[in-house]
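Residue numbers (the numbering used here): 557 to 660.
Beta carbons are placed, not taken as given, at the ideal position from N, Cα and C, and that holds for glycine.
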C-alpha cells in the first residue's frame, strides 16, 4: 500500500517553471570587467585555460576543481592528464563567454 501511495504522489509532482539558461541575464560584480566573449587559445590543465593568445590572459573555471597535471617536480594527480585532454577536446579554439566572480 505504501509503495502505491508513493507512486501516486510522485506522479502528481510538477516541477516549477524555471527560466532557460539563455534567459538569465549575465551581470558582472561591481568593479569587474563586463562579461565578454573570447576565443580559447590554450588549455593548460583540466580547469585552466588562456584566451586570446597563449600566456596572455589566464582563466580559471569556477566550480571545477580538476586533478592537477605534473608541474616541475610535482607528480600529476590521478586523472589530471585525462581532465586536461577532455577540456582541450571540448574547448580548444572555441568561443567562450567570460563572466567574472567577486574576486575579479
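In this structure, residue 625 lies near residue 601, with their beta-carbon atoms less than 8 Å apart. Secondary structure note for residue 618: it is in no alpha helix (DSSP H), with a DSSP letter that is neither H nor E.
When DSSP states are grouped into helix, strand and coil, residue 642 belongs to the helix group. Of the residues 573, 586, 622, the one whose Cα lies closest to the Cα of residue 605 is 622. Between residue 595 and residue 607, the beta carbon gap of about 6 Å places them in contact (Cβ cut-off 8 Å).
In the DSSP assignment, residue 651 forms a beta bridge with 595. The Cβ neighbour count for residue 593, taken over all protein chains shown within 10 Å, is under 16; the residue is labelled exposed. Contact check for residue 597 against residue 656 fails: the beta carbons are separated by 8 Å or more. A residue is called buried when at least 16 other Cβ atoms come within 10 angstroms of its Cβ; residue 618 does not meet this threshold and is exposed. If you ignore the 5 residues before and after residue 603, its C-beta comes within less than 7 Å of the C-beta of 616, 617, 620, 621, 622, all in its own chain and listed in chain order.
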